[in-house]
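Chemist:
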Amino acid sequence: MMTSRRLLKTVAVGTISLGTLASLRANEYDLGAIGIVRLSRAAVTVFIIGSYYKNELYNSKLNKKSPEYKQLKSHVHQYGAEKLLELCCANKGVYIKVGQHIGALDYLLPKEYVNTMKVLHSSAPQSSFHDVLTVIKEDFKQDAYEIFKSIEPAPLGTASLAQVHKAILKDGSLVAVKIQHRSVKSNSYVDIKTMSALVKLTSWVFPDFKFDWLVDETKKNIPQELNFTREGENAEKVRKLFKNYHWLKIPKIFWEYSTQRVLTMEFVEGSQVNDLQYLHLHKINPTEVSSKLGRLYSHMIFISGFVHSDPHPGNILVRKNNSEAEIILLDHGLYANLSNEFRWEYSKLWLAILNGDRVAMREHCTKLGVGDMYGLLACMVSGRTWDTIVSGIQKTKFTPNEREVFQQEIPNLLPQISLVLENVNRQMLLILKTNDLMRGIEHTLKTQARMSSFMEMSKSCIRSVYGEKKKSCTNNLSRWKVSLAEQWALTRLSLYYMFLGMIHFDIHKSIESLWTNDYYPF
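Rendered as structure tokens:
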């Protein structure tokens with residue numbers, strides 16, 4: 001006989017699913033048999049995961065501080081992650097995108113979920129070549145081979161919403177053609193509705209966890225990413241913004257062979273930025289690569305406010321151009337457009353973190369929506385422990401031990417992290433994702449202990465803060481004074497980092513008390 005608790009869960013799943021169906025009908029959207037299957041598959045998966053957590057973990061009588069409980073929790077997380085991965089691969093489309101987002105939150109979610117979902121960054125399910133040719137014919141009203149001299153059946157890479165094929169145009173130009181998965185757009189509306197309902201169910205089963213922010217971001221971002229015309233425009237905009245970055249390559253767009261679902265670009269050779277074997281073979285210095293990425297993304301975030309927000313390794317290639325490393329930036333479908341006000345506040349927050357200034361951290365975190373949890377947001381933003389932040393992250397090199405402690409303690413803070421993500425300024429969400437992806441690249445390149453990335457970021461923060469001051473200047477004299485102060489701040493910064501490099505400054509402090517309630521500021 002079914003227990004009352006299980007009965008309540010079943011009724012909740014059914015009620016929410018029926019509510020979703022009614023909402024879809026009310027919007028005059030034909031859900032269809034495929035939509036019902038996708039929705040049911042998702043509801044069942046959430047029910048299975050929730051039941052497993054309840055039965056195996058939450059009903060466990062083990063001491064929560066014991067090694068056995070931690071081992072059990074890791075096992076349950078891994079089970080949930082694998083079930084979620086199965087759902088993403090089965091439903092594809094938007095589900096793959098959400099899974100990739102989870103795989104990017106390296107410091108914000110249990111490592112079992114992050115590591116399991118990371119496979120979706122490079123191994124998303126692919127569409128058949130027949131579907132690829134069909135999409136081209138539907139959009140151009142002519143056969144693919146009337147447009148292209150040839151097109152390779154096997155994709156170069158497959159992502160959540162599209163896949164890329166190598167092709168040759170009639171004039172002999174070698175191109176990369178990005179073709180949207182045929183059914184992804186028609187399924188996206190149903191998927192987002194379904195996820196919204198399932199998040200409500202998850203919040204009911206796990207009241208400490210709030211994931212509405214993830215659904216809200218998906219609702220906002222998916223329509224942008226499904227419009228390849230917009231992606232092409234983003235690529236051209238970023239090429240103009242960074243035209244002075246001679247080592248940055250943005251592939252040219254062939255507009256006459258592009259639509260909202262097909263994007264034809266210049267084909268560019270290169271290997272993924274995290275391919276250490278390729279870097280070694282071509283004598284490319286990983287520190288140079290890391291430093292250039294740090295300079296590029298610091299400028300995007302703190303200066304231009306136009307941020308490429310999907311920098312996973314599959315979207316960043318590198319190659320040797322003459323005697324230096326050239327960065328190739330791909331997939332321009334998702335960009336964060338940061339307001340000046342947010343950009344200035346975020347710059348000030350980073351300077352406060354770099355200076356270990358708790359008062360300033362609280363002030364700027366308050367303006368970003370989470371003042372009471374300023375310590376946690378500072379750790380999420382920097383990817384460093386609170387002990388390191390207080391000691392001075394500019395003085396303390398990143399160590400494997402610090403990373404291990406961070407990841408071990410993350411599961412204990414998930415409710416607080418969830419609360420931060422629910423309340424923080426919405427513009428912060430893509431920045432956190434971008435930060436984590438960049439840190440993942442640095443970790444693979446083994447350049448996290450270097451100070452070059454902090455140097456680039458510090459420079460950009462200073463330029464952003466003084467840029468705000470210049471906007472409020474009323475005359476040339478005041479503007480000249482601010483410019484002089486900015487140059488002095490940048491000079492002092494350069495001297496400081498030079499001094500650190502000369503004496504090999506390396507402080508290693510104990511972090512045993514990092515996560516104790518009486519030390520942590522929330």
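The letter at position 211 of the sequence shown is residue 211 when you use the working numbering, and the numbering goes up by one with no holes.
Where a beta carbon is used, it is the ideal one built from N, C-alpha and C, also for glycine.
According to the Cβ coordinates, are K219 and S309 closer than 9 Å?
Modeler: Result no, Cβ atoms of K219 and S309 do not sit closer than 9 Å.
Chemist: Please classify R492: is it buried, with 16 or more other beta-carbons within 10 angstroms of its beta-carbon, or exposed?
Modeler: Flag for R492 reads exposed.
Chemist: Taking F398 as the reference, which of V94, R384, K240 has the closest Cα?
Modeler: Looking at the Cα atoms, R384 is the closest of the given residues.
Chemist: When you compare only the Cα positions, how much space is there between Q142 and P125?
Modeler: Roughly 27 Å between the two C-alpha positions.
Chemist: Assuming L527 and T116 make a contact with CB atoms under 8 Å, what is their CB distance in whole Å?
Modeler: The requested residue 527 is not part of the displayed model; the chain covers only 1 to 522.
Chemist: Do K459 and L490 have their beta-carbon atoms positioned less than 9 Å apart in this structure?
Modeler: Closer than 9 Å, so yes.
Chemist: With H, G and I counted as helix, E and B as strand and the rest as coil, what does DSSP make of V119?
Modeler: The answer is helix: DSSP assigns V119 an H, G or I state.
Chemist: By DSSP's criteria, H165 is part of a beta bridge. Which residues make up the other side?
Modeler: BP columns for H165 point to V177.
Chemist: Looking at the structure shown, is Y29 part of a helix, part of a strand, or coil, going by DSSP?
Modeler: Bear in mind that a pLDDT of 42 at Y29, under 50, signals an unreliable position, so the number given afterwards is only what the model happens to contain. The answer is coil: DSSP assigns Y29 none of H, G, I, E or B.
Chemist: In whole angstroms, give me the CA-to-CA distance for R25 and T259.
Modeler: Here the model assigns R25 a pLDDT of 43, short of 50, so the residue's position is not dependable, and the following value carries that caveat. So the two alpha carbons sit approximately 30 Å from each other.
Chemist: Using 10 angstroms around the beta-carbon of S40, count the other beta-carbons present and answer buried if the total reaches 16, otherwise exposed.
Modeler: With fewer than 16 other Cβ atoms within 10 Å, it is exposed.
Chemist: Are the beta-carbon atoms of M428 and Y297 separated by less than 9 Å?
Modeler: No. Outside cutoff.
Chemist: So, for A162: in the same chain, excluding its five sequence neighbours on each side, which residues have a beta-carbon less than 7 Å away from its beta-carbon?
Modeler: Closer than 7 Å at the Cβ level, and outside the excluded window around A162, lie K178, I179, Q180, H181.
Chemist: Can you tell which of W213, S66, Y189, S183 has the C-alpha that lies nearest to the C-alpha of E422?
Modeler: Of the listed residues, the one whose Cα sits closest to E422 is W213.
Chemist: Look up Q126 in the DSSP assignment and say whether it is helix, strand or coil.
Modeler: Reduced to three states, the DSSP call for Q126 is coil.
Chemist: If I'm right that V420 touches L376 with Cβ under 8 Å, what's the distance once you round it to whole angstroms?
Modeler: Contact holds; Cβ gap of about 6 Å.
Chemist: Taking only runs of the alpha helix (DSSP H) that begin and end inside the segment 215-250, which ones reach a length of at least 4 residues, in chain order?
Modeler: Runs of the alpha helix (DSSP H) inside the segment 215-250: 228-241.
Chemist: Rounded to whole angstroms, what is the Cα-Cα separation between V262 and F228?
Modeler: Computed Cα separation, rounded: 7 Å.
Chemist: Among the residues of its own chain, which have a CB less than 7 Å from the CB of I250, if the five just before and after it don't count?
Modeler: Taken in chain order, the residues that qualify are A235, V238, R239, L329.
Chemist: Could you tell me the alpha carbon to alpha carbon distance between S438 and S290, rounded to whole angstroms?
Modeler: First, the residue type needs correcting, since residue 438 is Met and not Ser in the sequence shown. Each residue's alpha carbon lies about 9 Å from the other.
Chemist: Which value, in whole angstroms, describes the spacing of the CA atoms of T158 and A485?
Modeler: Taking the straight line from one Cα to the other gives about 49 Å.
Chemist: What is the rounded straight-line gap between the Cα of K111 and the Cα of A325?
Modeler: Their backbone Cα atoms lie some 32 Å apart in a straight line.
Chemist: My output table needs one value for V482: the three-state DSSP class, helix, strand or coil.
Modeler: Three-state DSSP puts V482 in a helix.
Chemist: Give the straight-line distance between the Cα atoms of T20 and T194, rounded to the nearest whole angstrom.
Modeler: The predicted model places T20 with a pLDDT of 41, which falls under 50 and marks its position as unreliable, so this point remains unresolved.
Chemist: Hey, G99 and N187: beta-carbon distance below 9 Å or not?
Modeler: Cβ distance not < 9 Å, so G99 and N187 don't count as in contact.
Chemist: Cβ of E266 within 9 Å of Cβ of F254?
Modeler: Against a cut-off of 9 Å, the Cβ pair of F254 and E266 comes out as a contact.
Chemist: Just grab the DSSP bridge partners of I151 for me.
Modeler: In DSSP, I151 forms a bridge with A167.
Chemist: Taking its Cβ as the centre, do 16 or more other Cβ atoms sit within 10 Å of A22, making it buried, or is it exposed?
Modeler: Here A22 scores only 41 on pLDDT, less than 50, and its place in the model should not be relied on; the value that follows carries that caveat. A22 comes out exposed.
Chemist: Could you give the uninterrupted runs of the alpha helix (DSSP H) lying entirely in the segment 65-97, keeping only those of 4 residues or more?
Modeler: The segment 65-97 contains these whole alpha helix (DSSP H) runs: 67-91.
Chemist: Indicate whether A380 and I417 have their beta-carbon atoms separated by less than 9 Å.
Modeler: The question names Ala, but residue 380 in the sequence shown is Met. Yes, Cβ-Cβ distance for M380 and I417 is below 9 Å.
Chemist: Please classify K185: does DSSP put it in a helix, a strand, or coil?
Modeler: Helix, per DSSP.
Chemist: Strictly by DSSP, which residues pair up with G157?
Modeler: BP columns for G157 point to V164.
Chemist: Would you kindly report the start and end of the unbroken alpha helix (DSSP H) that includes Y374?
Modeler: Counting along the chain, the alpha helix (DSSP H) containing Y374 begins and ends at 374-382.
Chemist: Could you tell me which residues DSSP pairs with V289 in its beta bridges?
Modeler: DSSP output for V289 lists no bridge partner at all.
Chemist: With a 10 Å radius around its C-beta and 16 neighbouring C-beta atoms as the bar for buried, classify S382 as buried or exposed.
Modeler: Its Cβ being crowded by 16 or more others within 10 Å, S382 is buried.
Chemist: What first and last residue would you give for the alpha helix (DSSP H) that runs through I328?
Modeler: That residue, I328, is in no alpha helix (DSSP H); its beta strand (DSSP E) goes 324-329.
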